[in-house]
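K.L.:
Here it is: the structure, laid out below.
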Amino acid sequence: MSEETKTVLTGGCQCGAVRFALSGLPAKISICHCRMCQKASGAPFASFADIEHADFAWTRGKPAAFQSSSIAVRDFCRDCGTPLSFRRIDGPRIEIMTGTFDRPDQIIPTRQYGTESRLGWVVGIANLPSQTTLQNYGPEKANGIISHQHPDHE
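Be aware that the sequence shown starts at 3, since it is given in this note's numbering, and climbs by one per residue.
Shown next, in the form of structure tokens:
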């Protein structure tokens with residue numbers, strides 16, 4: 003990504019030590035239920051935006067990396083531990099975890115992989131009883147929370 007290129011999307015880790023920018027839209031956005039992605043994300047599934055290397059740049063800091071298999075490396079923030087990406091060794095693209103985008107609501111998955119490991123209860127989560135953070139903590143406690151998280155912008 004060159005400096006003259008227009009930024010389309012941005013994001014980064016929880017503490018702000020690592021930030022990134024995209025100059026083009028992702029080729030695809032997916033969810034992976036495989037066991038390796040479950041462990042790497044610490045969640046029931048991982049969600050990724052697949053981006054050409056030419057359309058991607060780390061704009062602040064550099065992530066640490068863990069070679070999670072013989073074909074792939076996963077990047078993460080060495081300061082706060084946020085999982086950031088999955089990339090095939092010597093592959094043409096990087097897959098950025100959708101939760102790390104400043105506007106994750108704009109990154110909508112259109113396919114799923116690794117469904118042999120999909121947890122049976124995942125399909126019904128939209129129907130579970132739910133509360134907002136304010137409802138969960140109450141106004142007094144919610145208003146007293148001090149976030150140390152980097153804001154979703156520069």
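Positions of the beta carbon are idealized from the N, C-alpha and C atoms, including for glycine. It should be emphasised that the depicted structure is a prediction, and the values quoted were computed from it without experimental measurement.
The alpha helix (DSSP H) with residue 39 in it runs from where to where?
P.N.:
Start and end: 37-43.
K.L.:
Where does residue 83 fall in DSSP's three states?
P.N.:
Coil, per DSSP.
K.L.:
In the DSSP assignment, the alpha helix (DSSP H) including residue 2 goes from what residue to what residue?
P.N.:
Nothing about residue 2 can be read from this structure; the chain reaches only from 3 to 156.
K.L.:
Identify whether residue 118 lies in helix, strand or coil by the three-state DSSP scheme.
P.N.:
In this structure, residue 118 counts as helix in the three-state DSSP scheme.
K.L.:
Using DSSP's beta-bridge definition, name the partner residues of residue 76.
P.N.:
Residue 76 is bridged to 68 and 88.
K.L.:
With distances taken Cα to Cα, identify the nearest neighbour of residue 9 among 22, 18 and 17.
P.N.:
The option with the nearest alpha carbon to residue 9 is 22.
K.L.:
Is there a Cβ of chain D sitting closer than 7 Å to that of residue 25, yes or no?
P.N.:
In summary, chain D is missing from the structure at hand, where a single protein chain is found.
K.L.:
Name the one or two DSSP bridge partners that residue 50 has.
P.N.:
Paired residue(s): 32 and 99.
K.L.:
Span of the beta strand (DSSP E) holding residue 105?
P.N.:
Note, residue 105: premise wrong, no beta strand (DSSP E); not H, not E.
K.L.:
Candidates 115, 116, 14 and 107: which alpha carbon is nearest residue 58's?
P.N.:
Residue 58 has its Cα closest to that of 14, out of 115, 116, 14 and 107.
K.L.:
Mind the definition here: the stretch 54-72 touches the stretch 145-153 only if three or more C-beta pairs lie below 8 Å; say whether that holds.
P.N.:
No, they do not touch.
K.L.:
Any idea what DSSP makes of residue 126, helix, strand or coil?
P.N.:
Residue state, collapsed to three classes: helix.
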